[in-house]
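Each remark here refers to the structure printed beneath this line.
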Amino acid sequence: MDRRRFLKTAGVGAGTIGLAAPTIARAQALKWKMTTAFPPGQPFYSTGPGSLSDFTDRVRAMSGGALDIQVFNGGELVPAFEGFDAVRQGIVEMNGWVSYFGAGKVPAAQFFGAVPFGMSTQGQNAWFYVGDGIDLWNETYEPLGLVAMPVGATGVQMTGWFNKEINSIEDMQGLRMRIPGLAAKAYARVGVEVKLLPGGEIFPALERGVIDAAEWVGPAQDKILGLNTAAKFYYTTGWHEPTTVTELAINKAAFDGLGAELQEIVRNAAAACNVISHSWAEANNAAALKEFEASGTELRVLPDDVIAALKTEMGPVYDELASSDAQFKKVMDNYFAFKEEHDIWASASEQVWHSQLRDA
0 MDRRRFLKTA GVGAGTIGLA APTIARAQAL KWKMTTAFPP GQPFYSTGPG
50 SLSDFTDRVR AMSGGALDIQ VFNGGELVPA FEGFDAVRQG IVEMNGWVSY
100 FGAGKVPAAQ FFGAVPFGMS TQGQNAWFYV GDGIDLWNET YEPLGLVAMP
150 VGATGVQMTG WFNKEINSIE DMQGLRMRIP GLAAKAYARV GVEVKLLPGG
200 EIFPALERGV IDAAEWVGPA QDKILGLNTA AKFYYTTGWH EPTTVTELAI
250 NKAAFDGLGA ELQEIVRNAA AACNVISHSW AEANNAAALK EFEASGTELR
300 VLPDDVIAAL KTEMGPVYDE LASSDAQFKK VMDNYFAFKE EHDIWASASE
350 QVWHSQLRDA
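Heads up, the sequence shown is in numbering that gives the first Met the number 0, so the first residue is 0 and it goes up one at a time.
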């Protein structure tokens, strides 16, 4: 009888737990706008589990409609790469993209997006949620009047699509490649002509020969863009992006005005989508990869001498940026110190497991 009274009081019935509804009054409902850098209809980014629209749906549901966020995909309200500035200016309240798209504005922010030869999704999330990652992110963005947090993770990416074979570092000379972020600087140092294009422009550029190679994400996302019909050779490994984080940037004044309860709803919805988006990629990449191979795509591994050359060139890239930007150096030092510690565990666990799986 005591147990039944407890369950009734706790709101448990028919195998479900009744959660208390948000205490936010409907009269306080807010209408926000979010821009993104991604094309409409793109799973992972724009639609489906873990996407930015999934994030806004979760916020709407958890807040009981008190915070209603309308999503505008790349080019629908502002050009794909201008949403970040629109948030800074207060034109919209939120923007979703990868922080390396704004490397020219905030070099240090690249560590919150993708780090060449950096940590896996597990390590990156450990740095964010338990280490200093999110605090440093917000410290970096405070002068811009922004608050930021992760809202998606791709896991390890592919090197990309190439219209010719890459057999040695010499084959990279003069190659025109769509590639963003810190990795682009290393590619440029080995002779690649680097191009930065939003997702919606990659396919036509590759198909028409405006570029010779392009990196997007992974098989499941690349399939949606049809990149397998624009180039024959698909290379791994994702040295340049061991994981890539979708950034949720929020106007700080707007965020401060939400109140503690809505702020926590935003944080928890973003954290949920960070995990779910990665799970979606892990669940769908294999099927897409099999489709590619069945239709004639040639899956290749980037040669060792190319990887070695790129790793060598990353050192001067980091040193140069750190010498001219104190915040870049502060974030870099913290990131790699955390990585050094995390590598001890990764080398004793996940890396050994993958090696044994491969050799079994």
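Heads up, the beta-carbon is just placed ideally off N, CA and C, and yes, glycines get one too.
Within 8 Å, strictly: CB atoms of residue i and residue j
i      : j      : result
Thr34  : Ala85  : yes
Asn72  : Ser45  : yes
Ala107 : Asp324 : yes
Thr120 : Gly217 : no
Gly47  : Trp279 : yes
Gly49  : Gly151 : yes
Trp96  : Ala182 : no
Glu206 : Ala229 : yes
Thr158 : Tyr234 : yes
Where residue i falls: helix, strand or coil (DSSP)
i      : result
Asp84  : helix
Ala113 : coil
Asp67  : strand
Ile90  : coil
Gly47  : coil
Glu297 : strand
Pro38  : coil
Ala79  : coil
Glu141 : helix
Met171 : helix
Ile249 : strand
Met118 : coil
Leu309 : helix
Pro149 : strand
Nonlocal neighbours in the same chain, by C-beta distance under 7 Å from residue i, ignoring five residues either side
i      : result
Ala268 : Phe54, Arg57, Val58, Met61
Val191 : Met171, Leu174, Met176
CA nearest to the CA of residue i, picked from the options
i      : options                        : result
Ile90  : Ala252, Glu339, Ser346         : Ala252
Thr245 : Gly74, Ala113, Lys30, Pro38    : Ala113
Phe337 : Phe83, Gly258, Gly130          : Gly130
Ile168 : Glu214, Gly40, Pro302, Ala28   : Pro302
Met93  : Val70, Ile223, Phe80, Phe111   : Val70
Trp136 : His341, Gln350, Gln326         : Gln326
Arg266 : Phe254, Phe335, Ser276         : Phe254
Thr242 : Gly256, Arg188, Val274, Phe291 : Val274
Asn227 : Trp238, Ile249, Pro203         : Pro203
Gln41  : Asp134, Val77, Gly314, Leu224  : Leu224
Own chain residues within Cβ distance below 6 Å of residue i, not counting five before or after
i      : result
Gln220 : Phe43
Arg25  : At Arg25, the pLDDT of 47 sits below 50, so the modelled position is not reliable; the number obtained from the coordinates is stated separately. So the list is empty, once near-sequence residues are dropped.
Leu66  : Leu29, Val58, Leu261
Glu240 : Ala113, Gln156
Trp31  : Ile68, Glu92
Own chain, CB closer than 8 Å to residue i, minus 5 neighbours either side, in chain order
i     : result
Phe83 : Asn94, Trp96, Phe100, Gly101, Lys104, Ala248
Near the ligand NAD: residue i beta-carbon under 7 Å from a heavy atom
i      : result
Gly198 : This structure does not include the ligand NAD; it has no bound ligands of any sort.
Query raised in the report: Curious, which full-length alpha helix (DSSP H) runs of at least 4 residues does the region 315–348 contain?
Result: Listed in chain order, they are 325–347.
Query raised in the report: Counting only runs that start and end within the region 198–240, where is the beta strand (DSSP E) found for 3 or more residues in a row?
Result: With a minimum length of 3 residues, the continuous beta strand (DSSP E) runs that stay inside the region 198–240 are 232–235.
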